[in-house]
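Peer 1:
Number of protein chains: 2
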Amino acid sequence: MNNKVFISLALMLAVVMTSAQATSSVWREVKPENMVLMTLPHGKVVIELAPQFAPNHVERFKSLVSKGFYDGTEFYRVIDGFVAQGGPKDGSAKDKSVSPLAIEGDFTPEKNWSFTLVQDKDMFAPQTGFKAGFALGYSPNEQKAWMLHCPGVIAMARENGANTATSHFYITNGQAPRYLDRIMTVFGRVIYGMNHVQAITRTSVIDGEEPVDKSDYTPMVSVQLMSDVPKEKQIHLAVKNTEHPSYAKKLADRRKREHAFFYKKPPPVLDICQTPVGVKLIK
Amino acid sequence: MNNKVFISLALMLAVVMTSAQATSSVWREVKPENMVLMTLPHGKVVIELAPQFAPNHVERFKSLVSKGFYDGTEFYRVIDGFVAQGGPKDGSAKDKSVSPLAIEGDFTPEKNWSFTLVQDKDMFAPQTGFKAGFALGYSPNEQKAWMLHCPGVIAMARENGANTATSHFYITNGQAPRYLDRIMTVFGRVIYGMNHVQAITRTSVIDGEEPVDKSDYTPMVSVQLMSDVPKEKQIHLAVKNTEHPSYAKKLADRRKREHAFFYKKPPPVLDICQTPVGVKLIK
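So the sequence lines, in the order shown, correspond to chains A and B.
Here our numbering is used: the first residue of the first sequence is 44, the next is one more, and so on.
Here our numbering is used: the first residue of the second sequence is 44, the next is one more, and so on.
Structure below.
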């Protein structure tokens, strides 16, 4: 083997190793059993669940979804810039059959827990950061962490009492309502089809407008666990691995804003809810 | 006149005076010459312009709008959770005919200037507050104020240079991209039909998705000054007067969150972009 051939082979090997590492670690493929496929009349939405942060709410949601509980229910409280809330709001036996759940608004991380820090002294939290692609708040003093109400998260609705959530849920569709952090249970986020969430019919009108006819409310055609969807209709997605060093670098670059477009630098802070975590479709 | 009758008359007078005051000052009717009616294929959108904060950009926009410049142009750069950007992106003589504008990213308020304070030490600005219903940042040290990139604002797009905006504009459709504050010129905000802005076809896709066909891009059917719209088709709107004491009280209440729903109080801070300014339709 001459030197040129050896170098070529070594380079090829390096390229193969780099791309293997890239697929295994820069991106994380989402498991079908942690994804929910919501089919709306106008398009498909995929939600990634967060069992590591809200185990009981995820278990509840998966259990309802796997029974087809939400199929045919409607988004009955949809406020532009706030939330699209849905579920069986009909006082039916089905609605009443679901027992209340204890809130999982925050959790105590294990010792040596860490996350990818985004911002120290965020206005609503001592720290914000990503873990497994989810936006979290963290208080080192309290030793508590919690999922944030960024746009596109799914959370369980409730009555006034903390432990009153049953089956109704909402998806945030506007500026992050961070005042709801820790007092509601966020349990996942939309990773595909947020444009279709944004197209859900608003049920709330301003003073002087005609009320929206209930027949115009947007129904959920079906809500299924992705792992229950026939293989040929499954949607496979990968999410940027927020624990990979490349993601921390992306955050650092975003904070610095070195592109020529920034002829004057903005404050070197990051709003985590305005910091995207990439998603890609896997064929 | 006996005492009872006198008291009744006095009470009636008080009620009449209070409601007269309420209509004249709790709400502010928006002048048709400061509103733009954008007709999309799927609905109507109304923008309130802010000549007091970005006079040259408003003048430019009004001049283009009154010529029908945007009629038939498209939203060609639409990213979910970021912006819907439109204009004559066709390299046409029409596009090139518009000269560049000097940026109006911030302004120097006059002496004794004041606004309705929302938050001291916002993450991106020393102070935030409302003036005439618009969300502003303010730096007492620099003696500068600026319109914020809250969801639903309209701003002029530009190239890398500060003073390169011409006719292309964007409307923010997701979490406030506050890092653009002061380096772009915001010149108004959507006060009606934000749901229709949210339904503009996204032109940006994720890795692995089919590109969006250009024939699916959302066109602007027409963009008109409301004062140029035939009287019977005009939309009349009033916006909460953010300088009225009742609005400051609303902010104080929102900060305290005394409703029983808040079984645990959130941090007593307000994200101005998540603080609504009411709008109503006037018949």
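Ideal Cβ positions, reconstructed from N, Cα and C, are used throughout, including at glycine.
#1: I want to see whether chain E comes within less than 8 Å of Q317 (chain A), judged by CB atoms only; does it?
#2: For Y235 (chain B), which residues does DSSP report across the bridge?
#3: Taking beta-carbon pairs under 7 Å, can you tell me which members of the region 242 to 253 of chain B lie near chain A?
#4: Beta carbon of V73 (chain B), beta carbon of A281 (chain B): below 8 Å?
#5: Among B:F304, B:K87, B:R221, B:V141, which residue has its Cα nearest to the Cα of V196 (chain B)?
#6: Less than 8 Å between the CB atoms is what I'm expecting for A198 (chain B) and M227 (chain B), so what's the real figure, rounded?
#7: Counting only runs that start and end within the region 122 to 200 of chain B, where is the alpha helix (DSSP H) found for 4 or more residues in a row?
#8: Hey, does T66 (chain B) have any beta-carbon neighbour from chain A nearer than 8 Å?
#9: Assuming contact is defined by CB atoms lying nearer than 8 Å, are I243 (chain B) and V322 (chain B) in contact in what I supplied?
#10: Quick one: list the residues of chain B neighbouring Q218 (chain A), beta-carbon separation under 8 Å, in chain order.
#11: Name the chain A residues whose beta carbon is nearer than 7 Å to that of N238 (chain B)?
#12: Suppose the cutoff is 6 Å on Cβ atoms and the five residues either side in sequence are ignored; what does the same chain contact list for Q267 (chain A) look like?
#13: Determine, using beta carbons only, whether V322 (chain A) comes closer than 8 Å to chain B.
#14: What does D133 (chain B) touch in chain A if you count any residue whose Cβ is under 9 Å from its own?
#15: Going by DSSP in three states, V108 (chain A) sits in which element: helix, strand or coil?
#16: Excluding the 5 residues preceding and the 5 following E76 (chain B) in the sequence, name in chain order all residues of the same chain whose CB lies nearer than 7 Å to its CB.
#17: Can we say the region 235 to 249 of chain A touches the region 235 to 251 of chain B, given the rule of at least three CB pairs closer than 8 Å?
#18: For F305 (chain A) and A97 (chain B), I'd like the C-alpha separation in whole angstroms.
#19: Where V126 (chain A) and A200 (chain A) are concerned, what is the direct C-alpha to C-alpha distance, given to the nearest angstrom?
#20: Just curious, the alpha helix (DSSP H) that Y290 (chain A) is in, first and last residue?
#21: When you compare the CB of Y222 (chain A) with every CB in chain B, is at least one pair closer than 8 Å?
#22: R232 (chain A): which of A:L294, A:A178, A:P152, A:W70 sits nearest, CA to CA?
#23: Starting from R71 (chain A) and walking both ways along the beta strand (DSSP E), at which residues does that stretch end?
#24: Quick one: grab the DSSP three-state call for A65 (chain B).
#25: So, are the CB atoms of T318 (chain A) and V161 (chain A) less than 8 Å apart?
#26: Find out if the Cβ-Cβ distance for the pair G8 (chain B), L324 (chain A) is shorter than 8 Å.
#27: Taking buried to mean at least 16 other C-beta atoms within 10 Å of its own C-beta, is D259 (chain A) buried or exposed?
#28: Tell me whether the region 99 to 106 of chain B and the region 143 to 157 of chain B touch, counting them as touching only if at least three CB pairs, one residue from each stretch, are closer than 8 Å.
#29: Between A97 (chain A) and chain B, is the shortest Cβ-Cβ distance under 8 Å, so that the two count as touching?
#30: Tell me which residues share the same chain as I315 (chain B) and place their Cβ nearer than 8 Å to its Cβ, disregarding the 5 neighbours each side in the sequence.
#31: Could you check how far apart the C-beta atoms of N203 (chain B) and A303 (chain A) are, in whole angstroms? I think they sit under 8 Å.
#32: What residue range is occupied by the uninterrupted beta strand (DSSP E) comprising C212 (chain A)?
#33: With a threshold of 7 Å, establish whether the CB of M81 (chain B) neighbours any heavy atom of the ligand HEM.
#34: For F305 (chain B), go through chain A and note every residue whose CB falls closer than 7 Å to its CB, in chain order.
#35: Does DSSP classify I325 (chain A) as helix, strand or coil?
#36: Give me the chain A residues within the contact set of I325 (chain B), using Cβ-Cβ distance strictly less than 7 Å, ordered along the chain.
Peer 2: With the given structure in hand:
#1: Structure shown: chain E not included; protein chains present are A and B.
#2: DSSP, once it has assigned bridges, lists B:V89 as partnering Y235 (chain B).
#3: Under the 7 Å Cβ criterion, the region 242 to 253 of chain B contributes A242, R245, I249, D250, G251, E252.
#4: Cβ atoms of V73 (chain B) and A281 (chain B): closer than 8 Å.
#5: Out of B:F304, B:K87, B:R221, B:V141, B:R221 has the C-alpha closest to the C-alpha of V196 (chain B).
#6: Indeed they touch by this definition, with Cβ atoms about 5 Å apart.
#7: The qualifying runs are 136 to 139.
#8: A caution first: T66 (chain B) carries a pLDDT of 39, below 50, which makes its placement in the model too unreliable to give a value.
#9: The Cβ atoms of I243 (chain B) and V322 (chain B) lie no closer than 8 Å to each other.
#10: Residues of chain B passing the Cβ test: C193, P194, Q218, A219, D314, C316, Q317.
#11: Under a criterion of Cβ atoms nearer than 7 Å, the residues of chain A adjacent to N238 (chain B) are, in order, D123, R245.
#12: Excluding residues within five positions, the ones whose Cβ falls inside 6 Å are L80.
#13: So yes, V322 (chain A) belongs to the interface.
#14: Within chain A, no residue comes near D133 (chain B); the closest Cβ sits about 23 Å away, beyond 9 Å.
#15: Three-state DSSP puts V108 (chain A) in a helix.
#16: The residues are L268, S270.
#17: Contact annotation: the region 235 to 249 of chain A touches the region 235 to 251 of chain B, with at least three C-beta pairs closer than 8 Å.
#18: Separation of F305 (chain A) and A97 (chain B) (C-alpha to C-alpha, rounded to the nearest whole angstrom) is 20 Å.
#19: Cα to Cα, V126 (chain A) sits roughly 11 Å from A200 (chain A).
#20: Segment 288 to 299, the alpha helix (DSSP H) holding Y290 (chain A).
#21: By this cut-off, Y222 (chain A) is an interface position.
#22: Checked all of A:L294, A:A178, A:P152, A:W70; the closest Cα to R232 (chain A) is A:A178.
#23: From DSSP, the beta strand (DSSP E) with R71 (chain A) extends over 70 to 72.
#24: Note that A65 (chain B) scores 40 on pLDDT, short of 50, meaning its location in the model is unreliable and no value can be drawn from it.
#25: By the CB criterion at 8 Å, T318 (chain A) and V161 (chain A) fall inside the cutoff.
#26: Here chain B covers residues 44 to 326 and nothing more, so residue 8 (chain B) does not appear.
#27: By the neighbour-count rule (16 or more Cβ atoms within 10 Å), D259 (chain A) is not buried but exposed.
#28: Between the region 99 to 106 of chain B and the region 143 to 157 of chain B, the count of Cβ pairs shorter than 8 Å is three or higher; the stretches touch.
#29: Interface annotation, A97 (chain A): not in contact with chain B, CB-CB separation never under 8 Å.
#30: The residues are V161, Q162, D165, T171, G172, F173, A178, L191, C193.
#31: Indeed, because the Cβ distance is near 5 Å, the residues count as touching under 8 Å.
#32: Checking the sequence, you will find Phe at residue 212 (chain A) rather than Cys. Note, F212 (chain A): beta strand (DSSP E), 212 to 215.
#33: Among the components of this structure there are no ligands whatsoever, and the ligand HEM is therefore not found.
#34: Those are I226, listed as they occur along chain A.
#35: Strand.
#36: In chain order: G251.
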